[in-house]
Amino acid sequence: MGEATTSIRRLLVANRGEVARRVARTARRLGVEVVAVASDADADAAHAAEADVVVRLPGRTPGDTYLRVDRLVDAARRSGADAVHPGYGFLAESADFARAVEAEGLVWVGPPAEAIAAMGDKHTAGGLAREVGVPLLPRAEVPELSGDEDADARALAALVHEVGIPAIVKASAGGGGRGMRPVTDAADVVAAVTAARREAIGAFGDDRLLLEPLVARPRHVEIQLIVDAYGTACHLFERDCTVQRRYQKMLEEAPSPAVDAGLRDRLGAWAVGLAERVGYRGLGTVEFVVDGRGEVAVTYRWTRTGLEAAVEGHAVSAQGRAVGSGEVEVEVDGIRRRVAVHDRDGEVDTDSALGHLALVPPPRFPDPHERLAAGSLTAPLPGTVAAVPVTEGAQVAGGDPLVVIESMKMEHTVRASRAGRVTALWVQPGAHVDTGEPLLVLDDGQEPRDG
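Okay, here's the thing in structure tokens:
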């Protein structure tokens, strides 16, 4: 990360969606211009519309766009950016990306590449954690599949029994629940490894996997860290992120109800020890899993840059309230303005001291049941088709996976609700689908169930 004296004039945010918007809002508060990157699928996305400069990344999938180091560095060069913020996810934990940015003479707003390489990989991180005294669960590396289904099943089943059941398959790179699959039966391990590897490649560009015991009733406890440019580290105590849905946090609680004073001291010391061991800089998170007895069972670390780190500040907030017929009073960042609103046959216009603005209602998601052939199965949410394990004409049984959609950092599987035949197939891997868009037709006309 650049020294404290480094001045950033134009910042490229190498991410998308709400992650990019949060970084951009903070940068603008500090008077820093924002460069957005957008794939073809995100050409009209909010993060692109709100940026000062937008650079198009040709392609629709992350592998062709947000995971391409060469395209992101070229975008920074062509846009005149002098710094790059990775956000989180995608290449935020890529040491190669950090090195490429710095080799271009740009400021990398994130941890040093060496720290990312050491701590962004669960293989290496485990050894470093052990050096500073953190207890670890046994883990095994998942080998590449040979293509021989019977041989693969035997090899992976033996690995599962060695680690213990229940187990969990984890992506070696990255975090955020991507590339993770529980295994409660050795017979399911091949499917779990296949799905986890596909998701890991799509999210991090890295297909390496680990297998660990699955901790029963775990508490997810994080220690927040800050390390200055001189290597002085301190922790900001813990937060409990146990309440999750599909590995995504829904509620954060501080202090953690599972952490007493003694455990808090140990967690903090381990976190600071790891930061000092790898020469970490900036904001970061050390994440621990604590079992039901209050014992630390496993640890891993994200070298995730805080979204507001090095472009820190407060996000712009706005709220409005009606003050009279045809007028709305809006307060933005402490400045109150009155806006006239005109509704002319459904077309809404606004006028204020800031000028004229036409308001367009957001598009309505289509009703999945309108104008569809009998038996049509539709996308339950917008996203990218990650896999289509069936072919047109195939006979399927109830519960069989039909289409896998990647959305909101996770994979969502559309399954057959009962036996039938696929009489039409309209999507293929890599295709972008919207909510309600037809995927395929089953001859029995039944709806899918989510899995």
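Residue 1 is where the sequence shown starts when you use full-length UniProt numbering, and the numbers rise one by one after that.
No residue lacks a Cβ here, since even glycine has one placed at the ideal position from N, Cα and C.
Note that the structure is a prediction, hence the values are computed from the model and not measured.
Cα-Cα separation between residue i and residue j, rounded to whole angstroms
i    : j    : result
R77  : T65  : 16 Å
A198 : V385 : Correcting the residue type first, residue 198 is Arg in the shown sequence and not Ala. Their backbone Cα atoms lie some 12 Å apart in a straight line.
R281 : A113 : 10 Å
T26  : V19  : 11 Å
G383 : Y230 : 43 Å
V243 : R178 : 17 Å
G375 : E162 : 44 Å
A153 : P218 : 28 Å
S407 : D44  : 17 Å
V414 : V427 : 13 Å
G279 : F90  : 23 Å
G268 : A81  : 37 Å
R139 : V169 : 10 Å
A431 : R245 : 26 Å
G127 : R421 : 50 Å
W270 : R293 : 19 Å
V433 : P62  : 15 Å
A228 : R277 : Contrary to the premise, residue 228 reads as Asp rather than Ala in this sequence. Each residue's Cα considered, the two are about 15 Å apart.
D206 : E93  : 11 Å
G445 : A191 : Unreliable placement is indicated for G445, whose pLDDT of 45 sits below 50; no coordinate value is reported for it.
L251 : A394 : 42 Å
R56  : G202 : 20 Å
E149 : L439 : 28 Å
A95  : F204 : 12 Å
A155 : G147 : 12 Å
Residues near residue i in its chain [Cβ-Cβ closer than 8 Å; skip 5 each side]
i    : result
E104 : V73, A76 and R77
V160 : A167, V183, A186, V189 and L211
E33  : R9, R10, L11, A27, D52 and V53
R266 : V296
F365 : Caution applies to F365, whose pLDDT of 45 falls short of 50 and renders its modelled position unreliable; the model cannot decide the point.
Contact under 8 Å by Cβ, residue i with residue j
i    : j    : result
V272 : H235 : yes
V396 : T423 : no
V142 : V215 : no
L136 : R130 : yes
A173 : A200 : yes
T391 : E437 : no
L106 : V84  : yes
A48  : A38  : yes
L402 : T435 : no
R21  : A46  : yes
G87  : V35  : no
P111 : G164 : no
Identified DSSP bridge partners for residue i
i           : result
K122        : Its beta-bridge partners do not exist; DSSP assigns none.
L209        : V142 and A171
M250        : Partner(s): none; M250 has no beta bridge.
G282        : V227
residue 488 : Residue 488 lies beyond the stretch modelled for the chain, which goes from 1 to 451, so this question has no answer here.
R56         : A38
V183        : A167
R245        : Q248
T413        : V404
residue 453 : The requested residue 453 does not occur in the structure, where the chain is confined to residues 1 to 451.
G383        : V433
A233        : V227
H85         : V13
Other residues of its chain near residue i: CB distance less than 6 Å, five sequence neighbours each side excluded
i    : result
P256 : Before going on, a small fix: residue 256 reads as Ser here, not Pro. Correct list, in chain order: V221, E238 and D240.
R208 : S172
K249 : C241
V101 : V84 and W108
L145 : D152
F97  : V69 and L91
8 Å Cβ cutoff, residue i in contact with chain D
i   : result
A41 : Going by chain labels, chain D is absent from the structure shown, which holds only one protein chain.
Same chain, Cβ closer than 7 Å to residue i, five either side skipped, listed in chain order
i           : result
G398        : A416, S417, R418 and A419
A387        : R198, V404 and P429
R99         : A113
residue 464 : Residue 464 lies beyond the range of the chain shown here (1 to 451); nothing can be said about it.
Query raised in the report: At a cut of 8 Å, does the segment 5-22 reach the segment 48-67 through at least three beta carbon pairs?
Result: Contact annotation: the segment 5-22 touches the segment 48-67, with at least three C-beta pairs closer than 8 Å.
Query raised in the report: Are the segment 35-52 and the segment 116-125 in contact at 8 Å, needing three or more beta carbon pairs?
Result: In the pairwise beta carbon analysis, the segment 35-52 is classified as not touching the segment 116-125: fewer than three pairs are separated by under 8 Å.
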